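Undergrad: First the structure, then my questions, so here it is.
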Amino acid sequence: MSQTPFSPEEIASEGIKPEEYQEILNRLSRHPNKAELGMFGVMWSEHCCYKNSRPLLKQFPTTGKRILVGPGENAGVVDLDNGLQLAFKIESHNHPSAVEPFQGAATGVGGILRDIFTMGARPIAVLNSLRFGSLEDAKTRHIFTGVISGISHYGNCFGVPTVGGEIYFDPAYTGNPLVNVMALGLMETPEIVKSGASGIGNPVLYVGSTTGRDGMGGASFASAELSDKSIDDRPAVQVGDPFLEKCLVEACLEAFKTGAVVAAQDMGAAGITCSTSEMAANGGVGIEFDLDRVPVRETGMVPYEYLLSESQERMLFVAEKGREQELIDIFQRWGLHAVVAGTVIEEPIVRILFEGKIAAEIPATALADNTPIYERELLSEPPEYAKNAWSWNSASLPSCTAAGIEVQGNWQTWNDILLTLLDTPTIASKHWVYQQYDHQVQNNTVMLPGGSDAAVIRLRPQISTDNPLLNSGVAATVDCNSRLVYLDPYMGAKAVVAEAARNLSCVGAEPVAVTDNLNFGSPEKPVGYWQLAESCRGIAEGCRELGTPVTGGNVSLYNETLDSEGHPQAIYPTPVVGMVGLIPDLTNICGQGWQVEGDIIYLIGNLGMRSLAASEYLATVYGVVAGKPSEVDFDLERRVQGVCRYGIRQGWVNSAHDCAEGGLAIALAECCISGKLGAEVNLELAEKSDFRWDEFLFGEGGCRILVSIAPENQKIWESYLQENLTNFWQKVGLVGNAESSLQILVNEGVSLINLEIGEMSDRFNNAIERRLNSRE
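The opening position of the sequence shown corresponds to residue 38 in our numbering, with each subsequent residue numbered one higher.
Given below as structure tokens:
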């Protein structure tokens with residue numbers, strides 16, 4: 038093997054820092070060869086080893102009564118009672134989607150699905166959390182439509198429903214979109230399949246598709262800033278085949294049920310390098326692997342290319358010795374490759390063979406877990422941008438009356454502003470998006486996209502349970518108000534966790550556990566690291582407060598693009614929280630839309646807490662992103678969410694909807710649009726000296742849920758509210774009929790808003806399509 042030192046340029050091209058190269062020399066006691074340097078490059082990238090974030094992730098709570106598998110495996114697994122076990126995880130495919138939107142997003146779906154069925158679970162649902170720049174920008178429209186096409190292509194062809202998610206549009210994501218995909222799967226094997234190799238002499242099987250040069254160095258590519266030259270990295274974007282992966286899931290689940298599979302690992306980021314080193318390190322053993330036995334789709338490949346390829350739909354198994362042919366037969370029956378390509382060895386190394394010689398030989402832990410860790414110094418005080426933003430207050434806005442407000446010299450009524458916000462792509466209906474997804478395949482989708490605060494999936498076990506009449510479900514949501522996190526990462530991250538749990542509670546689900554996707558800029562910059570560290574602190578506190586341990590996730594850093602002057606500009610810090618919840622009885626759930634004319638509308642939660650800080654109103658109407666986010670009251674969150682869940686499970690609550698982006702007025706409008714029924718809301722307000730009508734209508738923050746109750750349940754509901762929420766509830770109005778409008782009245786009939794459902798629906802339902810069609 039080569040002992041020739043590499044030049045600084047060659048070392049840097051693999052994403053390795055000079056001090057890291059010196060550490061490689063210390064680990065090997067020699068210079069690496071080209072293949073080994075590439076292996077270290079991908080495995081020591083942020084995408085694979087979390088060298089900047091791992092110290093921060095240690096503060097997350099990871100254990101609980103329902104947690105069966107926590108961080109460190111392909112996916113987390115939780116117990117849902119009655120013998121049901123759910124695997125779930127979220128991952129990102131941001132940079133690939135920036136340079137090749139269709140394939141980048143499609144293979145993001147394929148990768149997370151493999152993480153799920155590698156555990157022995159059948160995928161039952163997908164959600165996505167997406168961020169794009171402004172739709173006024175032609176490049177953004179290209180990325181947006183490509184990403185949506187890629188997600189729908191892979192999910193629809195594979196046969197898994199895309200049941201929910203979130204999409205935000207903001208100039209902060211111009212050129213660097215975020216594509217985070219969360220998948221859920223129901224365990225189908227008697228035992229959870231893990232990744233640690235064991236059994237000296239056991240064969241190592243390569244199964245699935247062939248290996249090519251696509252996806253070369255994808256992990257390193259995902260750990261670097263984007264620039265105009267990133268388009269040259271298109272080979273780092275993988276190409277997926279959903280039809281082949283459908284065969285792969287069936288073959289894998291069949292193979293796992295034989296009991297002949299000792300361990301399994303998806304070949305995702307870093308491909309053969311990652312799967313061999315992680316399986317060896319997790320099991321405390323070594324793996325010898327022969328590249329000559331790997332099925333290929335291209336000729337003339339060298340070890341460096343084999344080891345760094347991220348060709349899709351490939352897996353690595355450790356099988357029981359003597360049973361390998363049993364597994365090979367299963368894969369061949371499904372039209373897939375399956376070959377014995379390696380062996381578990383006692384020496385804890387990864388030894389790669391090629392053409393009868395040793396092509397690479399590295400201690401497994403040096404690649405997988407004993408990797409560089411950077412504990413960076415945290416700013417002693419918030420950065421200037423945050424302190425400046427916190428100094429803003431609503432007194433700087435024009436004064437307003439019950440009739441409206443003057444915006445840039447033009448008088449606007451509250452009707453005008455509500456319609457403007459409903460037409461904002463971030464708030465508006467994502468119908469144009471989810472109509473392209475098959476959200477009902479498998480026939481287990483209980484709540485259709487757009488109709489509830491969280492997705493609801495029926496659980497149909499494939500293995501025997503003790504309860505043949507089981508009618509339980511799982512709810513799932515992905516959430517992150519990144520503008521809030523940008524202004525105050527600690528407070529904003531706590532609010533993200535609280536909102537995710539609130540959304541689950543609004544469908545009647547008990548929050549159970551979390552998977553997170555931490556999307557940030559460069560951690561090597563003081564502000565970027567402060568945002569990351571403070572967000573992790575906020576998520577950890579939020580999860581502890583709400584009893585939702587973190588089972589795993591993904592870290593995506595270096596999400597930056599160069600501005601017109603060549604300066605790196607980071608995205609907003611975007612710690613996406615994916616949360617799952619248990620629904621014991623699917624007959625007791627509800628959506629967000631009004632259900633019955635004459636139902637009574639209540640607002641429960643902190644009635645007085647509302648702020649224009651980080652609000653959609655402030656950003657859309659005034660182009661201002663500023664303010665100090667409000668503190669999260671977790672005691673009130675637990676009480677309000679518990680009351681909402683109990684009311685739903687008792688059959689009292691007919692609809693429930695969280696007040697989030699756009700505040701109370703937008704939440705009321707969404708309930709009307711979703712239920713196709715009007716509402717008359719009348720509130721008594723005490724106008725203090727600093728009272729603002731826009732803050733009352735469009736202010737955000739705090740724990741607030743709108744619910745509707747049948748009149749016959751009014752007495753028992755109010756008695757329950759008074760006993761459990763005391764002063765944190767208010768009866769605010771009545772649900773109207775299909776011909777009525779949304780009327781928001783205050784103080785004995787002063788009208789703030791009066792809008793027809795049809796006019797609101799047009800703005801809300803067609804906002805995205807209108808922008809796309811007007812610029813074709």
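Note that the Cβ used here is the ideal one computed from N, Cα and C, for glycine as well. Since the structure is predicted, the reported quantities are computational estimates derived from the model, not experimental observations.
Please state if the CB of residue 704 and the CB of residue 790 are separated by a distance shorter than 8 Å.
TA: To locate residue 790, count along the sequence shown from 1; it is residue 753. To locate residue 704, count along the sequence shown from 1; it is residue 667. Against a cut-off of 8 Å, the Cβ pair of residue 704 and residue 790 comes out as no contact.
Undergrad: Less than 8 Å between the C-beta atoms of residue 597 and residue 605, yes or no?
TA: Position 560 of the sequence shown holds residue 597. Position 568 of the sequence shown holds residue 605. For residue 597 and residue 605, yes; Cβs fall inside 8 Å.
Undergrad: Tell me, which residues are paired with residue 140 by DSSP?
TA: The residue you call residue 140 lines up with position 103 of the sequence shown. None; residue 140 has no bridge partner.
Undergrad: For residue 210, which three-state DSSP category applies?
TA: In the sequence shown, the residue the question calls residue 210 occupies position 173. Helix, per DSSP.
Undergrad: What residues in its chain sit with their C-beta under 8 Å from that of residue 412, if we drop five residues either side in the sequence?
TA: For the purposes of this step, residue 412 is identified with residue 375 of the sequence shown, where counting begins at 1. Taken in chain order, the residues that qualify are 92.
Undergrad: Runs of 4 residues minimum, wholly inside the segment 77-131: which ones carry the alpha helix (DSSP H) assignment?
TA: Taking only runs of at least 4 residues, the alpha helix (DSSP H) segments lying wholly in the segment 77-131 are 83-86, 91-94.
Undergrad: Which one of 785, 811, 677, 745 has the shortest CA to CA distance from residue 759?
TA: Within the sequence shown, numbered from 1, the residue matching residue 759 stands at position 722. Nearest C-alpha to residue 759: 677.
Undergrad: Counting C-beta neighbours from all protein chains within 10 Å, is the total for residue 145 16 or more, i.e. buried, or is it exposed?
TA: Within the sequence shown, the letter at position 108 stands for residue 145. By the neighbour-count rule (16 or more Cβ atoms within 10 Å), residue 145 is buried.
Undergrad: Identify the continuous alpha helix (DSSP H) that holds residue 222 and give its terminal residues.
TA: As a working mapping, residue 222 is identified with position 185 in the sequence shown. Looking at the DSSP string, residue 222 is not in any alpha helix (DSSP H); the run it does join, the beta strand (DSSP E), is 215-224.
Undergrad: Looking only at its chain, what residues have a beta carbon closer than 6 Å to the beta carbon of residue 648, apart from the 5 residues adjacent to it on each side?
TA: Looking up residue 648 in the sequence shown gives position 611. Excluding residues within five positions, the ones whose Cβ falls inside 6 Å are 667, 736, 738.
Undergrad: From the DSSP output, which residues share a beta bridge with residue 616?
TA: Residue numbering aside, residue 616 sits at position 579 when the sequence shown is read from its first letter. DSSP, once it has assigned bridges, lists 514, 551 as partnering residue 616.
Undergrad: Quick one: what does DSSP say residue 253 is sitting in, helix, strand or coil?
TA: As a first step, residue 253 must be located in the sequence shown, where it is residue number 216. Correct three-state label for residue 253: coil.
Undergrad: Just how far apart, CA to CA, sit residue 426 and residue 466?
TA: In the sequence shown, the residue the question calls residue 426 occupies position 389. In the sequence shown, the residue the question calls residue 466 occupies position 429. The alpha-carbon atoms of residue 426 and residue 466 are separated by roughly 30 Å.
Undergrad: Report the option in 203, 125, 190, 437 whose CA atom is closest to the CA atom of residue 278.
TA: Taking the sequence shown and counting its residues from 1, one reaches residue 278 at position 241. Answer by Cα proximity: 190.
Undergrad: What residues in its chain sit with their C-beta under 6 Å from that of residue 806, if we drop five residues either side in the sequence?
TA: Position 769 of the sequence shown, counted from the first residue, corresponds to residue 806. Only 469 meet the Cβ criterion.
Undergrad: What did DSSP end up calling residue 50 once you bin it into helix, strand or coil?
TA: Within the sequence shown, the letter at position 13 stands for residue 50. In the structure shown, residue 50 sits in a helix (DSSP, three-state: H, G or I).
Undergrad: Identify every residue that forms a DSSP beta bridge with residue 154.
TA: Along the sequence shown, read from residue 1 onward, the residue named residue 154 stands at position 117. Its beta-bridge partners do not exist; DSSP assigns none.
Undergrad: Less than 6 Å between C-beta atoms, sequence neighbours within five positions excluded: which residues of the same chain meet that for residue 90?
TA: On the sequence shown, position 53 is the one that residue 90 refers to. Closer than 6 Å at the Cβ level, and outside the excluded window around residue 90, lie 592.
Undergrad: Residue 553 and residue 127 look like a contact to me (Cβ under 8 Å); what is the Cβ gap, rounded to whole Å?
TA: On the sequence shown, position 516 is the one that residue 553 refers to. On the sequence shown, position 90 is the one that residue 127 refers to. Going by Cβ atoms, the distance from residue 553 to residue 127 rounds to 7 Å, so yes, they are a contact pair.
Undergrad: Using the DSSP secondary-structure output, state which residues sit across from residue 527 in a beta bridge.
TA: For this step, residue 527 is matched to residue 490 along the sequence shown. Bridge partners of residue 527: none, in fact.
Undergrad: Taking the CB atoms as reference points, tell me whether residue 699 and residue 458 lie closer together than 8 Å.
TA: Taking the first residue of the sequence shown as position 1, residue 699 is located at position 662. Taking the first residue of the sequence shown as position 1, residue 458 is located at position 421. In this structure, residue 458 lies closer than 8 Å to residue 699 by Cβ.
Undergrad: Going by the beta-carbon positions, is the gap between residue 526 and residue 571 smaller than 8 Å?
TA: The count along the sequence shown starts at 1 and reaches residue 526 at position 489. The count along the sequence shown starts at 1 and reaches residue 571 at position 534. It is a contact, given that the beta carbons lie within the stated cut-off.
Undergrad: Taking 8 Å as the threshold (C-beta atoms), are residue 617 and residue 576 in contact?
TA: Within the sequence shown, the letter at position 539 stands for residue 576. Within the sequence shown, the letter at position 580 stands for residue 617. Not a contact, by the Cβ cut-off of 8 Å.
Undergrad: Mind checking residue 41: buried by the 16 CB within 10 Å criterion, or exposed?
TA: Along the sequence shown, read from residue 1 onward, the residue named residue 41 stands at position 4. Exposed is the call here.
Undergrad: Is there at least one non-hydrogen atom of the ligand MN closer than 7 Å to the beta-carbon of residue 568?
TA: Inclusion of the ligand MN in the displayed structure is not the case, the ligand content being empty and no account of it being possible.
Undergrad: In the structure shown, what three-state DSSP assignment does residue 566 receive?
TA: For the purposes of this step, residue 566 is taken as residue 529 along the sequence shown, with counting starting at 1. Reduced to three states, the DSSP call for residue 566 is helix.
Undergrad: Report the start-end ranges of each beta strand (DSSP E) in the segment 641-697 that is 3 residues or longer and not cut off at the edges.
TA: Within the segment 641-697, the complete beta strand (DSSP E) runs of at least 3 residues are 690-695.
Undergrad: Which same chain residues, not among the five before or five after residue 184, have their C-beta less than 7 Å away from its C-beta?
TA: The count along the sequence shown starts at 1 and reaches residue 184 at position 147. These residues qualify, in order along the chain: 134, 138, 142, 167, 214, 216.
Undergrad: Do the CB positions of residue 326 and residue 373 come within less than 8 Å of each other?
TA: Working through the sequence shown from its first residue, we reach residue 326 at position 289. Working through the sequence shown from its first residue, we reach residue 373 at position 336. The answer is no: Cβ separation not under 8 Å.
Undergrad: With distances taken between CB atoms, is the gap from residue 774 to residue 712 smaller than 8 Å?
TA: For the purposes of this step, residue 774 is identified with residue 737 of the sequence shown, where counting begins at 1. For the purposes of this step, residue 712 is identified with residue 675 of the sequence shown, where counting begins at 1. No.
Undergrad: Let me confirm a value: residue 795 is counted as buried when at least 16 other C-beta atoms fall within 10 Å, else exposed. Which label applies?
TA: Within the sequence shown, numbered from 1, the residue matching residue 795 stands at position 758. It is exposed - the Cβ of residue 795 has fewer than 16 other Cβ atoms within 10 Å.
Undergrad: So who's on the other strand from residue 182, going by DSSP bridges?
TA: For the purposes of this step, residue 182 is identified with residue 145 of the sequence shown, where counting begins at 1. DSSP output for residue 182 lists no bridge partner at all.
Undergrad: According to DSSP, is residue 611 part of a helix, a strand, or is it coil?
TA: For the purposes of this step, residue 611 is identified with residue 574 of the sequence shown, where counting begins at 1. DSSP places residue 611 in strand when its eight states are reduced to three.
Undergrad: Suppose only complete runs of 3+ residues qualify. What are the beta strand (DSSP E) ranges in the segment 721-789, listed by chain order?
TA: Taking only runs of at least 3 residues, the beta strand (DSSP E) segments lying wholly in the segment 721-789 are 741-746, 766-772, 778-783.
Undergrad: Do residue 718 and residue 770 have their C-beta atoms closer together than 8 Å?
TA: The count along the sequence shown starts at 1 and reaches residue 718 at position 681. The count along the sequence shown starts at 1 and reaches residue 770 at position 733. Yes, Cβ-Cβ distance for residue 718 and residue 770 is below 8 Å.
Undergrad: Please return the same chain residues whose Cβ sits closer than 6 Å to the Cβ of residue 663, not counting the five positions on each side in sequence.
TA: Start at 1 with the first residue of the sequence shown, and residue 663 comes out as number 626. Contacts found: 426, 429.
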